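Have a look at the structure below, then the notes.
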Amino acid sequence: MSDHLMNTYMRQPVTFVKGEGVWLWDNHNDQYLDALAGVAVNGLGHAHPKLVDAIAKQAAKLIHVSNIYNIAEQSALADKLCEISGMDKVFFCNSGCEANEAAIKLARLYGHNKGINTPEIIVMDQSFHGRTLATLSATGNRKVQAGFDPLVSGFIRVPYDDVEAVKQVALHHPNVVAILVEPVQGEGGINIPKDAGAYLEQLRQICDANGWLLMLDEVQTGIARTGTWFAFQHTSIKPDVMSLAKGLGSGVPIGACVASGKAADVFTYGKHGSTFGGNPLATAAGLATLNIIEEEHLLENAEKIGNLIREGFAAELTGAQGFVTVRNAGLMIGIELDRPCVELVKMALEAKLLINVTADKVVRLLPPLVMSEAEAKELVQRLSALIKTFLSK
Numbered sequence: 021m022s023d024h025l026m027n028t029y030m031r032q033p034v035t036f037v038k039g040e041g042v043w044l045w046d047n048h049n050d051q052y053l054d055a056l057a058g059v060a061v062n063g064l065g066h067a068h069p070k071l072v073d074a075i076a077k078q079a080a081k082l083i084h085v086s087n088i089y090n091i092a093e094q095s096a097l098a099d100k101l102c103e104i105s106g107m108d109k110v111f112f113c114n115s116g117c118e119a120n121e122a123a124i125k126l127a128r129l130y131g132h133n134k135g136i137n138t139p140e141i142i143v144m145d146q147s148f149h150g151r152t153l154a155t156l157s158a159t160g161n162r163k164v165q166a167g168f169d170p171l172v173s174g175f176i177r178v179p180y181d182d183v184e185a186v187k188q189v190a191l192h193h194p195n196v197v198a199i200l201v202e203p204v205q206g207e208g209g210i211n212i213p214k215d216a217g218a219y220l221e222q223l224r225q226i227c228d229a230n231g232w233l234l235m236l237d238e239v240q241t242g243i244a245r246t247g248t249w250f251a252f253q254h255t256s257i258k259p260d261v262m263s264l265a266k267g268l269g270s271g272v273p274i275g276a277c278v279a280s281g282k283a284a285d286v287f288t289y290g291k292h293g294s295t296f297g298g299n300p301l302a303t304a305a306g307l308a309t310l311n312i313i314e315e316e317h318l319l320e321n322a323e324k325i326g327n328l329i330r331e332g333f334a335a336e337l338t339g340a341q342g343f344v345t346v347r348n349a350g351l352m353i354g355i356e357l358d359r360p361c362v363e364l365v366k367m368a369l370e371a372k373l374l375i376n377v378t379a380d381k382v383v384r385l386l387p388p389l390v391m392s393e394a395e396a397k398e399l400v401q402r403l404s405a406l407i408k409t410f411l412s413k
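The sequence shown begins at 21 in the numbering used here and counts up one residue at a time.
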C-alpha cells in the first residue's frame, strides 16, 4: 500500500485483482467468497458480462459531457427510475452523501418557499447519512461526528422506530419541514422497525398532517437489496424524496435524489448542480444495472436467498452462548452477538471470506444479488463455524 494515501481507512492486508460473480481473487491468486459486495455496491457481482459490455460500449462512444447539454443516457435512466418507483423527477450526482445533501437542500428550500426562515429536519438516532458536514450532522452517531464540530444546525434527533417521539416534536417545533429516515438502518446494525410497514405509514401520515416532506435514505436499501426495487415498496406509502446510490451503478459511482409530487419541482434553474453527476458512462451503467436486475429476476432472488441465509444462521447458531439474533431485509443481513466482534473480520479474511462488522456487535452481510443457493449455503457453513469459534474463546 502506498505511503502517500491518507490514513482514512483501516485497510485489510489483501489486494484484489479480479472477480467473477460472488468470487474475488487476490494478487496471490487466492479465491475469496464476497459476502459484502463492496458494501452493497456490486449487486450484480463482479465482472457481469452484460454490464461489462454496456460500460465498454459507452466508454468507446462518450464518457462525459457537461450537464449544460442534453444527455440521452441520463434521460433514459431518469425515465426508468421514475417508472419503477412511481416518482416524478430525478437529480443525478455521484454518491450517497451527495444524494442526501441534495435532499437536505431540497427540504430547506421547500421550507423557505413556505416562509420558514430556519427550517428543521427530523433525523434518527443510530442513523448514517454520509460524511459531508451536513450529512454527518444528520447522522445519529456521535462517534463519527467527533472532531468535526461545529456541526451544521437544523436537525432534530429522535429515537428510531418511535412514532410518539416524532409526534412530540410536531407539537413543539413549528419550523420542521421534513423527516429523513432509513427504512432499514444499515450502518446502525441492520436495524429493522418492529413493524416496518406501519412505521413508515405512520411517518407518512404525520408528514401529510403537518405539510412536511417524507424523505427516505435508500442509499443502502434501494436497487433490489431488500427484495423490492426500493424498501418503501414493502409498504403502501410513497416518499416525497428518496436518495439512492451504492447499487445503482454496480460499482460505477452514481447517486440520485428522486422526488415526487410537491417536492418534484422545488429545485429550479441554478439551485443545485453537479459536474460529473449523471454523465453518459455512469448513467449507462445504471440503466444496464436496472435492466439486468429485471432480466435475471434478481428482486425475487434477493428475497429468497436472504431468507435462506437468515434461516441457515438461525439453525446453526441458535443456542450458541453469545448469539443474540439474526435478522434480514432481503440481502441485508445482520447477525447480532452479545459482545464486540470486529475480530471476526480478520478471522473471516484468513478463511477467504469477506464480511463486515458494524455497531460493534453486528456482523453485517450484503451479498451480491446474484448469489446462488449453493453459494448462500457455503456462506452460512463457513461463517457459522467462525462465529462459533469466536464465541467459544
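Just so you know, even glycine gets a beta-carbon here, dropped at the ideal spot from N, CA and C. Quick caveat: nothing in here was measured; it's all calculated off a predicted structure.
* Per DSSP, Ser263 forms a beta bridge with which residues? -> Asp237 and Cys277
* Asked: Going by the beta-carbon positions, is the gap between Gly116 and His149 smaller than 9 Å?
  -> yes
* Asked: Assuming Ala127 contacts Val197 under a Cβ cut-off of 8 Å, what Cβ separation, rounded to an integer in Å, is found between them?
  -> 5 Å
* **Limits of the alpha helix (DSSP H) - the one that Met367 falls within** => Glu363 to Glu370
* Does DSSP classify Gly208 as helix, strand or coil? -> coil
* Asked: How would you label Gly269, buried or exposed, when you count the other beta carbons within 10 angstroms and need 16 or more for buried?
  -> buried
* Give me whichever residues DSSP pairs with Trp45 in a beta bridge. => Lys38 and Gln51
* Asked: DSSP on Asn62, reduced to helix/strand/coil?
  -> coil
* To do: Inspect the beta-carbon positions of Asp99 and Ala279 and report whether they are closer than 9 Å.
  => no
* **Inter-stretch contact (C-beta, 8 Å, three-pair minimum) for the segment 322-332 and the segment 255-263** => no
* **Residues of its chain near Asn114, where Cβ-Cβ distance is below 7 Å and the 5 sequence neighbours each way are ignored** => Pro273, Ile274, Gly275, Ser294, Phe296 and Gly297
* To do: Could you work out which residue in Ala122, Met26 and Val261 is closest to Thr152 when comparing CA atoms only?
  => Ala122
* Burial state of Pro213 (16 or more Cβ within 10 Å) -> buried
* Asked: alpha helix (DSSP H) containing Phe252: first to last residue?
  -> Phe252 -> no alpha helix (DSSP H), and no H or E assigned at all.
* Asked: Using a Cβ-Cβ cut-off of 8 Å (strictly less than) and excluding sequence neighbours within five positions of Asn429, which residues of its own chain qualify?
  -> Given a span of 21 to 413 for the chain in the structure shown, any question on residue 429 remains unanswerable.
* Leaving out five residues before and five after Met391 in sequence, what residues of the same chain have Cβ atoms less than 6 Å from its Cβ? -> Val42 and Ile325
* Smallest Cα separation from Asn321: which of Glu103, Ile243 and Ala405? -> Ile243
* Per DSSP, cross-strand counterpart(s) of Glu356 -> Thr345 and Val382
* To do: Return the CA-CA distance between Tyr219 and Ala80, expressed in angstroms with no decimal places.
  => 47 Å
* Could you please give me the residues that DSSP links to Glu140 through a beta bridge? => Val196
* To do: Can you give me the start and stop residues for the beta strand (DSSP E) that Ile176 sits inside?
  => Phe175 to Val178
* Quick one: using the 10 Å Cβ neighbour count with 16 as the cut-off for buried, is Ala76 buried or exposed? => exposed
* Asked: Which two residues bound the contiguous beta strand (DSSP E) that contains Lys109?
  -> Lys109 to Cys113
* Short Cβ contact (9 Å threshold) for Ala349 with Arg245 -> yes
* Under 8 Å by Cβ, that's how I've got Ala284 and Tyr130 pegged, so tell me the actual separation to the nearest angstrom. => Not a contact, Cβ separation roughly 11 Å.
* To do: Could you spell out where the alpha helix (DSSP H) holding Thr295 opens and where it closes?
  => Segment: none, Thr295 is in no alpha helix (DSSP H) and carries neither H nor E.
* Spatial distance of Ser414 from His24 (CA atoms) -> Residue numbering for the chain in the displayed model covers 21 to 413; residue 414 lies beyond these limits and cannot be assessed.
* Just mark Pro360 as buried or exposed, buried being the case when its beta carbon has 16 or more other beta carbons within 10 Å. => exposed
* **Contact set for Gly209: own chain, Cβ-Cβ below 8 Å, skip 5 residues either direction** => Gln146, Gly354, Glu356, Thr378, Ala379, Lys381, Val382 and Arg384
* **Whether Leu414 touches Gly342 by CB criterion (9 Å)** => Any question about residue 414 goes unanswered here, given that the chain covers just 21 to 413.
* Asked: Secondary structure at Leu97, three-state DSSP: helix, strand or coil?
  -> helix
* How big is the Cα-Cα spacing for Ile83 and Glu93? -> 11 Å
* To do: Can you tell me which of the three DSSP states Asn376 falls into?
  => strand
* Where do the ends of the alpha helix (DSSP H) carrying Ala216 lie? -> Ala216 to Asn230
* How would you call Tyr52, buried or exposed, if buried means at least 16 neighbouring beta carbons within 10 angstroms? -> buried
* Run of the alpha helix (DSSP H) containing Asn120, from where it starts to where it stops -> Gly116 to Asn133
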